[in-house]
Amino acid sequence: MFRTHNCGELRLTDVGKEVSLSGWVQIGRDFGGLTFVDLRDRYGITQIVFDQDDHAELAERARKLGREWVIQVNGEVRERTNKNPNRATGDVEIVARELIILNRAKTPPFTIEDESDGGDDLRMQYRYLDLRRGPLQRNIIFRSQLALAVRAYLGGQNFVEVETPFLIKSTPEGARDFVVPSRLNEGQFYALPQSPQTFKQLLMVAGYDRYFQIVKCFRDEDLRADRQPEFTQIDCEMAFVTQDEILDTFEGLTRHVFQELKGIELGKFPRMLYDDAMRRYGSDKPDLRFGMELVELNDVAQQKGFKVFDDAELVVGIAVPGKADLTRKQIDKLTEWVKRPQIGAKGLVYVKCNPDGTFKSSVDKFFDQEALAAWAEKCGAQAGDLLLVISGEDEKSRKQLGNLRLHVAESFDMIPEGSFKPLWVVDFPLLEWDEESERFHAMHHPFTSPKREEVERMLTGDHETMKSLKADAYDLVINGAEIGGGSIRIYDRALQEKNFKLLGFTQEEAEEQFGFLMGAFEYGAPPHGGIAFGFDRLCAVMNGQSSIRDFIAFPKNNQGRDVMIDAPARVDEDQLEELNLKVTFEENQ
Ligand code: ASP
0 MFRTHNCGEL
10 RLTDVGKEVS
20 LSGWVQIGRD
30 FGGLTFVDLR
40 DRYGITQIVF
50 DQDDHAELAE
60 RARKLGREWV
70 IQVNGEVRER
80 TNKNPNRATG
90 DVEIVARELI
100 ILNRAKTPPF
110 TIEDESDGGD
120 DLRMQYRYLD
130 LRRGPLQRNI
140 IFRSQLALAV
150 RAYLGGQNFV
160 EVETPFLIKS
170 TPEGARDFVV
180 PSRLNEGQFY
190 ALPQSPQTFK
200 QLLMVAGYDR
210 YFQIVKCFRD
220 EDLRADRQPE
230 FTQIDCEMAF
240 VTQDEILDTF
250 EGLTRHVFQE
260 LKGIELGKFP
270 RMLYDDAMRR
280 YGSDKPDLRF
290 GMELVELNDV
300 AQQKGFKVFD
310 DAELVVGIAV
320 PGKADLTRKQ
330 IDKLTEWVKR
340 PQIGAKGLVY
350 VKCNPDGTFK
360 SSVDKFFDQE
370 ALAAWAEKCG
380 AQAGDLLLVI
390 SGEDEKSRKQ
400 LGNLRLHVAE
410 SFDMIPEGSF
420 KPLWVVDFPL
430 LEWDEESERF
440 HAMHHPFTSP
450 KREEVERMLT
460 GDHETMKSLK
470 ADAYDLVING
480 AEIGGGSIRI
490 YDRALQEKNF
500 KLLGFTQEEA
510 EEQFGFLMGA
520 FEYGAPPHGG
530 IAFGFDRLCA
540 VMNGQSSIRD
550 FIAFPKNNQG
560 RDVMIDAPAR
570 VDEDQLEELN
580 LKVTFEENQ
């Protein structure tokens, strides 16, 4: 037997017991006639003592143990004289009588401790060693517990877990597909699913009524920070439901997992119209952990002779609490930040609401104290606050200021730690007009239904009408991160055909790609809708972390590579031939 207990288990009540522990050597140290070894496994760390006087030969072998060797120790539990209150097992130690070396280890390339000395690349290359570290183990175990809690909750609500295939035909969710060549069908390819969207809708046609799956999805996107080409969704679909019933169900799920895993009561989630979110926060995923709402200043800032404002469609500001004391340099830095191409603002106007009741602004030439007082009042600013103002086109300016709002909150530590602010954003537009390609894109995906009262306008309206159609589409946002998104679906062939047409599909293209789905709609499709949660993101947000990477056991790096197994990689010529693929490589690569 390798062990009677794990390394996180023994307490004072176990003193006197004969036990066996197995694990990894964390560190060893010699102290007078004693050798101490910290033995670690996923449950914790227990101190082992080897006594030179009692067991000289044993202590000699213990002194030769290296970091990360795998050992078994048999011995007796004893109360420690020098207790460690920071460790669950810190009251006891094991006096070793026997030491079995189960395996030796090379010295690891970085320290296997909560704070490691290894850089990102090295830790990715030796991911199995990184995964031994406490923080990663806690993340991965959290993820497992979350998956189990989700299954239990949805199972208890009559959801059926169904696996859908990975080798499929393209599903348009707005990204590129990963494709897989078919050996048996020359010249043909499967695509890996960007989501199980069409399959879950077919399951509703098939009468399964409530479906879920914790499932891998694949999107070949240009890699932005903190995106993974393969990621996991909690994917769900329900039949005979309204949007409100779907929101209630998944609000219930979210509240349940926060309660169960974090002991946090989230309360009722506010619901905000997409248009209001854009107007008040310049974002469709507003972070509600702090204030600084956007305030329109047109009526107090225009027609005062400042041409930049007079020519603008919108003048919009935020009041940053307590920041009237920013230096010129700090404000210049903010101005530079909004002028970067990623944000694209032309400039930034500031007003300092001084503690003595006076105002100092970057546009004092055009606006007197009274005028600035009117801005401050509109923004709800107090003495000591700082107003930041952007102007230009309505939508663009709001987005720019929305970004600045987040940047300011982060830079000046204005986000309360440990707080969770969920909300539903509802009534997204159905279609998005893309100026560049001069065509409509589905804001969510092509299967999303317009709101019922919009159907008539969609079937009969003109081009401009299409831009204003609202959908039964919704997102769950927590702390400014999009956690989930979904919609009520079209379940009628004619409306689905119309939508494909608006999206620029010819009838033949729509038929070729989605004939199976529209065909299914002709065999008794129930009204249905659903949602998918980003599972990796939910793990990260629940733990107050911004990166999903360390909640994925074996993630890809920023270039989409797995540097541990070294993928992607070339394949054999034979393999290519078998797949009927002719690939020519430039040899100098
Ligand atoms: N398939 C959608 C997505 O991956 C979610 C949904 O509409 O249920 O975003």
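Numbered per numbering that gives the first Met the number 0, the sequence shown spans residues 0 to 588. C-beta atoms are modelled at their ideal positions from N, C-alpha and C, and glycine is treated no differently.
Worksheet item: On the premise that residue 39 lies in contact with residue 27, defined as a C-beta separation below 8 Å, what is that separation, rounded to the nearest angstrom?
Response: Residue 27 to residue 39, Cβ: 12 Å. No contact.
Worksheet item: Considering only C-alpha positions, which residue in the set 302, 281 and 382 is nearest to residue 366?
Response: Residue 366 has its Cα closest to that of 302, out of 302, 281 and 382.
Practice prompt. Give the DSSP bridge partners of residue 313, in chain order.
Written response: Bridge partners of residue 313: 391.
Discussion item. If we require 4 or more residues per run, which alpha helix (DSSP H) segments fall completely within the segment 213-298?
Written reply: Unbroken alpha helix (DSSP H) stretches of 4 residues or longer found wholly inside the segment 213-298: 242-256 and 273-280, given in chain order.
Worksheet item: Taking only runs of the alpha helix (DSSP H) that begin and end inside the segment 16-42, which ones reach a length of at least 4 residues, in chain order?
Response: For secondary structure counted as the alpha helix (DSSP H) over 4 or more consecutive residues, the segment 16-42 holds no complete run.
Discussion item. Restricting to runs no shorter than 4 residues, where is the alpha helix (DSSP H) found entirely within the segment 477-526?
Written reply: When DSSP assignments are scanned along the segment 477-526, the uninterrupted stretches of alpha helix (DSSP H) that are 4 or more residues long and fall wholly within it turn out to be 492-501 and 506-519.
Item to complete: May I ask which residues mark the beginning and end of the beta strand (DSSP E) holding residue 100?
Response: DSSP places residue 100 inside the beta strand (DSSP E), whose first and last residues are 91-102.
Worksheet item: Per DSSP, which one or two residues make a beta bridge with residue 353?
Response: Residue 353 is bridged by DSSP to nothing; it lacks a bridge partner.
Fill in: Nonlocal neighbours in the same chain, by C-beta distance under 7 Å from residue 588, ignoring five residues either side
Bear in mind that a pLDDT of 49 at residue 588, under 50, signals an unreliable position, so the number given afterwards is only what the model happens to contain. Closer than 7 Å at the Cβ level, and outside the excluded window around residue 588, lies no residue.
Fill in: Cutoff 8 Å; reference residue 500; Cβ partners in own chain excluding five residues on either side
Result list for residue 500: 506 and 509, in chain order.
Worksheet item: Can residue 44 be considered in contact with ligand 1, in the sense that its beta carbon sits closer than 7 Å to one or more heavy atoms?
Response: For ligand 1, not one heavy atom lies less than 7 Å from the Cβ of residue 44.
Item to complete: State the start and end residues of the unbroken alpha helix (DSSP H) segment that holds residue 133.
Response: In the DSSP annotation of this structure, the continuous segment of the alpha helix (DSSP H) that includes residue 133 starts and ends at 133-155.
Item to complete: Could you tell me how far apart the beta carbons of residue 449 and residue 469 are, in whole angstroms, since I believe they sit closer than 8 Å?
Response: At roughly 7 Å, the Cβ-Cβ gap stays under 8 Å, so residue 449 and residue 469 are in contact.
Worksheet item: Just checking my contact of residue 18 with residue 93 at CB under 8 Å: how many whole Å lie between their CB atoms?
Response: Correct: roughly 6 Å between the Cβ atoms.
Worksheet item: So what's residue 360 in DSSP terms, helix, strand or just coil?
Response: In the three-state reduction of the DSSP assignment, residue 360 falls in the strand class.
Practice prompt. Using 7 Å as the cut-off, classify the Cβ of residue 530 as near or not near the heavy atoms of ligand 1, replying yes or no.
Written response: Yes, ligand 1 has a heavy atom inside 7 Å of this Cβ.
Worksheet item: Do residue 444 and ligand 1 come close, with the Cβ less than 7 Å from some heavy atom?
Response: Yes, the Cβ of residue 444 comes within 7 Å of a heavy atom of ligand 1.
Practice prompt. Kindly indicate the opening and closing residues of the alpha helix (DSSP H) around residue 433.
Written response: Under the DSSP assignment, residue 433 falls outside any alpha helix (DSSP H), being part of the beta strand (DSSP E) whose first and last residues are 430-433.
Discussion item. What would DSSP say about residue 440, mapped onto helix, strand or coil?
Written reply: In the three-state reduction of the DSSP assignment, residue 440 falls in the strand class.
Worksheet entry | Sequence-distant residues of the same chain with beta carbon closer than 8 Å to residue 113, five excluded per side | If we look at residue 113 and ignore the five residues flanking it on each side, its Cβ neighbours are 132, 133 and 134.
Item to complete: Please find out if some non-hydrogen atom of ligand 1 comes closer than 7 Å to the beta-carbon of residue 485.
Response: Checking the Cβ of residue 485 against ligand 1 gives yes.
Worksheet item: Less than 7 Å between the CB of residue 512 and some heavy atom of ligand 1, yes or no?
Response: No, Cβ of residue 512 sits at least 7 Å from all heavy atoms of ligand 1.
Fill in: Proximity test, Cβ basis, 8 Å: residue 220 and chain D
Annotation note: the requested chain D is absent from the structure, which comprises a single protein chain.
Practice prompt. Would you kindly report the start and end of the unbroken alpha helix (DSSP H) that includes residue 329?
Written response: Element bounds for residue 329: 327-338.
Fill in: Beta-carbon gap between residue 424 and residue 283 smaller than 8 Å
In this structure, residue 283 lies closer than 8 Å to residue 424 by Cβ.
Practice prompt. Taking all protein chains shown into account, decide if residue 479 is buried (16 or more other Cβ within 10 angstroms of its Cβ) or exposed.
Written response: It counts as buried.
Worksheet item: Which term fits residue 119, buried or exposed, when burial requires 16 or more other beta carbons within 10 angstroms of its beta carbon?
Response: Under the 10 Å beta carbon count, residue 119 is surrounded by fewer than 16 other beta carbons and is classified as exposed.
Worksheet item: Counting along the chain, where does the alpha helix (DSSP H) carrying residue 534 start and finish?
Response: Its alpha helix (DSSP H) spans residues 534-541.
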